[in-house]
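**Q**
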Amino acid sequence: MLEARLPQGAVLKKIVDAIKEIVSDANFDCTDSGITLQAMDSSHVALVSLLLTSEAFDPYRCDRNLTLGINIKTLVQILKCSGNDDVITLRAEEPADTLALVFEPPSLERISEYEMKLMDIDNERLEIPDTAYHAEITMAASEFQRICRDMQTLSESVTIEATKEGVKFSAEGELGSGSVTLKQGGSIDSSAETTTIELVQPTTQTFSVKYLVNFSKSTSLAGQVRLAMTAPLPMLVEYKISDCGHLRFFLAPKIDD
Amino acid sequence: VAPQGRLDGFFKVT
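In the order they appear, the protein sequences are chains A and B. So for the first sequence, the working numbering puts the first residue at 241; every next one is plus one. So for the second sequence, the working numbering puts the first residue at 17; every next one is plus one.
1) Going along chain B in order, which residues have a C-beta closer than 7 Å to the C-beta of K404 (chain A)?
2) Find the nearest neighbour of V29 (chain B) within the set A:L366, A:I310, A:E261, A:F297, judged by alpha-carbon distance.
3) Throw me the rounded Cβ distance for the H486 (chain A) and T443 (chain A) pair, which I believe falls under 8 Å.
4) Mind the definition here: the region 309-319 of chain A touches the region 396-415 of chain A only if three or more C-beta pairs lie below 8 Å; say whether that holds.
5) Leaving out five residues before and five after K313 (chain A) in sequence, what residues of the same chain have Cβ atoms less than 8 Å from its Cβ?
6) Between T371 (chain A) and the rest of its own chain, which residues show a CB-CB distance below 8 Å, the 5 nearest in sequence each way excluded?
7) Could you have a look at A462 (chain A) and say whether DSSP puts it in helix, strand or coil?
8) Is the separation between the beta-carbon of R277 (chain A) and that of F27 (chain B) shorter than 9 Å?
9) Determine contact between the region 244-263 of chain A and the region 356-363 of chain A, defined as no fewer than three beta-carbon pairs at a distance below 8 Å.
10) Would you tell me roughly how many angstroms separate the C-alpha atoms of L23 (chain B) and I351 (chain A), rounded to the nearest one?
11) Output needed for A258 (chain A): all residues of its chain with C-beta closer than 6 Å, excluding positions within five of it in sequence on either side, in chain order.
12) For the beta strand (DSSP E) holding V288 (chain A), just list the boundary residues, first then last.
13) Can you say whether K494 (chain A) is buried or exposed, counting buried as having 16 or more other CB atoms within 10 angstroms of its CB?
14) 9 Å is my cut-off, CB to CB: does I262 (chain A) come that close to chain B?
15) D337 (chain A) bridges to which residues according to DSSP?
16) Would you mind telling me which residues of chain B sit closer than 7 Å to V285 (chain A), beta carbon to beta carbon, in chain order?
17) Let me make sure I understand the geometry here. Which of A:M391, A:I368, A:C302 has the alpha-carbon closest to that of G418 (chain A)?
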């Protein structure tokens, strides 16, 4: 059986909110080491890869590997019944045809219990190859969100250009064009606001901005976001979940002629 | 407008 108590239940709410526009149904794979999820959007443009290690939970127990087929919209609805400070406990037995969710506020004066039906999701398991990225940008997650939203007002595409001086986001639409350039910050100041660029070679790629805006809904999970690019491969957009996992998105670029 | 690429072929099915 699975019994996973998440002291910071809000983390689960944030994760589910961040992926709900991208995936409708997904398998949550539970093993002794934690919970993972991997799912592509229906148009095969974006892939979500979640890792929540057992350290995220206290306690965590998973005797045997379990796959929980979850309708994300249903989970969003049920999680709306929890408070932001609630401890969330997930419980499932074998065979996993339902998932029990228990919400407890810090006061412990209220316990709410929900049970959701699980689905049988036929999902191909994909292996994400290790990629040597040509450009890796670490920047404030809130800044990335703002830039994506700003670029979306002009165009459905955004071009990201990484050089050793900085990273430039630009958009060109029928109404006009715009760009935001972030300069590489000093190495001494390593606050969440600092932009750092690790460059093997200057890299430019163009992406659908609508997906990036969706990814950036993960902003509340982490202070920083990591963008990793190697043309013409998919870009990696990564949010770390404290020291106990990550939420990664892979996005296929626009095809360069 | 540049066409949108897809992820197929990049990730191996295991």
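Using N, Cα and C, we set each Cβ at its ideal position, and we do this for glycine too. Predicted, not measured: the structure shown is a model, and the values here were computed from it.
**A** According to the structure data:
1) What K404 (chain A) touches in chain B: nothing, since even the nearest Cβ is about 26 Å away.
2) A:L366
3) Contact doesn't hold; Cβ gap of about 22 Å is too wide.
4) no
5) K260, S264
6) A468, T470, L473, L476
7) Residue state for A462 (chain A) is assigned as coil, using DSSP reduced to three classes.
8) Per the sequence shown, residue 277 (chain A) should be read as Leu rather than Arg. Not a contact, by the Cβ cut-off of 9 Å.
9) Result no; under three Cβ-Cβ pairs closer than 8 Å.
10) 43 Å
11) K457, S458
12) Run containing V288 (chain A): 286-293, per the beta strand (DSSP E) assignment.
13) Under this definition K494 (chain A) is a buried residue.
14) no
15) Paired residues: none, contrary to the question.
16) Q20, R22, L23
17) A:M391
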